[in-house]
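Numbering (my numbering), first residue to last: 2 to 82. Everything on this sheet refers to the single structure shown next.
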Amino acid sequence: MAAFTVRLSDEAAAKLDRLAGKVDRSRSYVAAQAIEDYIAREEWQLAEIEAGLAEADQGKFASEKELADVVAKYVRPSLGR
Numbered sequence: 002m003a004a005f006t007v008r009l010s011d012e013a014a015a016k017l018d019r020l021a022g023k024v025d026r027s028r029s030y031v032a033a034q035a036i037e038d039y040i041a042r043e044e045w046q047l048a049e050i051e052a053g054l055a056e057a058d059q060g061k062f063a064s065e066k067e068l069a070d071v072v073a074k075y076v077r078p079s080l081g082r
C-alpha cells in the first residue's frame, strides 16, 4: 500500500475531520475512500467517452428520430408561452 501527502485547505481538512468523526473512521480512511471513488468515476467516464469516440469514428451515430425520442423524455413542450 502506498502512502503520500496531500495538501488541503484548512476548511477542507476541517470538513474531512467532521465527516470522519460522523462515520467513526479516520481522516486517512475517509480520504482514501474519496480518492478511490474519484478514480473509479473518472475511469468509467473516460471509458464511456473513448467508447463514444470509437463509435463516432466508425460512423455510428443516432438517427434524428432516436435523438428526438431522447430529448422528448427530458424536455416538456411549452404551453404556448
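Every residue gets a Cβ at the ideal spot worked out from N, C-alpha and C, and that includes glycine. Since the model is a prediction, treat every value here as computed from it, not as a measurement.
So, with DSSP's three-state summary, where would you put residue i?
{"i": "Leu47", "result": "helix"}
{"i": "Gln34", "result": "helix"}
{"i": "Ser29", "result": "helix"}
{"i": "Gly22", "result": "helix"}
{"i": "Gly53", "result": "helix"}
{"i": "Lys16", "result": "helix"}
At the level of alpha carbons, what is the spacing between residue i and residue j?
{"i": "Pro78", "j": "Leu20", "result": "43 Å"}
{"i": "Asp25", "j": "Ala32", "result": "13 Å"}
{"i": "Phe62", "j": "Ala41", "result": "27 Å"}
{"i": "Val76", "j": "Glu65", "result": "16 Å"}
{"i": "Ser27", "j": "Leu54", "result": "41 Å"}
Cα-Cα, which of the options is closest to residue i?
{"i": "Ala14", "options": "Val24, Met2, Phe5 and Ser29", "result": "Ser29"}
{"i": "Ala35", "options": "Ala4, Leu17 and Thr6", "result": "Leu17"}
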